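Read through the structure below, which is laid out as structure tokens, and then see the notes.
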Amino acid sequence: MDASDSIEMHSEGKDARSREEIGSPHLNGIDFNLLIKNADDGILLLNSDATIRYFSPAVKRLSGYEDGELLNKNAFDLIHPDEMQEIMRLYTEGIRVPGHVEQVECRLRKKDGSWSVIQATGMNMLHDPVVAGVIINMRDISEFRRMEHELRASEERYRYLVENLSAVVFTLDSQGVITYVSPALERWSGYKVQELVGFVFTNFVYGDDLPGLMASFERVIAGHTETYEFRVADKDGTLRYMQTSSRPIVEDGATLGLLGTLIEITGRVEADEAKRRNEEHFKEVIRRQIRYYRSGE
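In UniProt numbering, the protein residues as written are 1 to 297.
Written out as structure tokens, the structure reads:
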């Protein structure tokens, strides 16, 4: 029986049992066997000692290994030696907490001896009598990391120039009136410098973020250095996420205002949100798989 056509469910101290196309092949109109077989992400089911009890066809495509080379093999044997100790630590800690979810990146040894960079998200379901294992969802992100590395190398060559040209430098007086802003702001805001200087900064801040930013402003005026994230509306009304770092301007013991830098972080915030949605999607996939396993009882 091909491992891709069955899911072997083992229990500690009991004989192994397998179910052909486990349970009902359809749940709420969804063919989960077909879904798993054609998914790009690989799925592993591990025992508490990390031996592989089941793997989806995508794992074979990602790794190059065949059925007999993966079943009952310890998953840690596939991890790069430089990362194995940390992965083992996280795994050992995770299996102590029912339902624990952990996401890691590591290198996976393929059959041909090369290494793939994978992103793996694991959920501890050892406590569940139906699953009784750790479910791992894995995807190959090697190409993404390669492109990221090349981009980082390119950015590093121009880092100094970019940092000094892209960061907006500004000053406010003690009442929050803009007394100076560097021309870099014009590139993304649509405003000219002369349209900003002389106006209170609160005119340009998204309303929901204003109370927190005002509290941050007051802390800086009181003598603290502050980093804060908030949203602003550019001239055409588009909301942008910003991060400001500010410190007080003090002369003869009196605080005259603040000096700050401003950078746009919209891309980072959107990436973080995409990651959060991805994690929620993974949890939903796991929940569906559990319902699917249970439907065969």
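For glycine and all other residues, C-beta sits at the position ideal for the given N, C-alpha and C. All values reported here derive from a predicted model rather than from experimental measurement.
Per DSSP, cross-strand counterpart(s) of residue i
i      : result
Arg109 : Trp115
Ser216 : According to DSSP, which records beta bridges pairwise, Ser216 is partnered with nothing at all.
Gly133 : Met125
Phe170 : Val181 and Gly260
Pro248 : Leu258
Glu226 : Ser246
For residue j and residue i, the rounded distance between their alpha carbons
i      : j      : result
Ser182 : Glu150 : 31 Å
Met214 : Ser245 : 14 Å
Gly237 : Gly190 : 10 Å
Leu262 : Glu155 : 19 Å
Phe170 : Asn203 : 15 Å
Ala254 : Glu273 : 42 Å
Val177 : Leu259 : 12 Å
Lys111 : Tyr91  : 23 Å
Ala184 : Val220 : 23 Å
Tyr54  : Gly267 : 38 Å
Arg107 : Arg294 : 33 Å
Ala153 : Phe144 : 14 Å
Which listed residue (the options) has its alpha carbon closest to that of residue i
i      : options                           : result
Glu218 : Pro98, Gln119 and Leu172          : Leu172
Met242 : Met84, Glu102 and Ile265          : Ile265
Ser50  : Ile178, Met123, Leu259 and Tyr206 : The displayed chain sequence assigns Ala, not Ser, to residue 50. Of the listed residues, the one whose Cα sits closest to Ala50 is Met123.
Asp41  : Phe199, Arg291, Val285 and Glu93  : Val285
Ala132 : Gln119, Ser48, Arg139 and Glu83   : Ser48
Leu196 : Gly267, Thr179 and Pro129         : Thr179
Ile43  : Leu108, Asp82, Glu66 and Ala120   : Ala120
Lys235 : Pro57, Ile141, Arg187 and Asp77   : Arg187
Arg61  : Glu105, Ser116 and Asp82          : Ser116
Val104 : Glu279, Arg294 and Leu239         : Glu279
As assigned by DSSP and simplified to three states, the class of residue i
i      : result
Ala50  : coil
Val59  : helix
Ala233 : strand
Leu35  : With a pLDDT of only 49 at Leu35, under the threshold of 50, the placement of this residue in the model should not be trusted; the figure read from the coordinates follows. The answer is helix: DSSP assigns Leu35 an H, G or I state.
Asn72  : coil
Tyr91  : helix
Gln175 : coil
Gly267 : helix
Cβ neighbours of residue i in the same chain (closer than 7 Å, five flanking residues each side left out)
i      : result
Ser216 : Glu226 and Tyr228
Leu210 : Thr202
Ala222 : none
His127 : Pro98
Lys192 : Glu186
Arg89  : none
Beta-carbon proximity list for residue i, same chain, < 8 Å, skipping 5 on both sides
i      : result
Lys14  : Confidence at Lys14 is low in this model, with a pLDDT of 34, below 50, so its placement is unreliable and no value can be given for it.
Ser174 : Ile221, Thr255, Leu256 and Gly257
Lys283 : Val101 and Met123
Glu69  : Lys111
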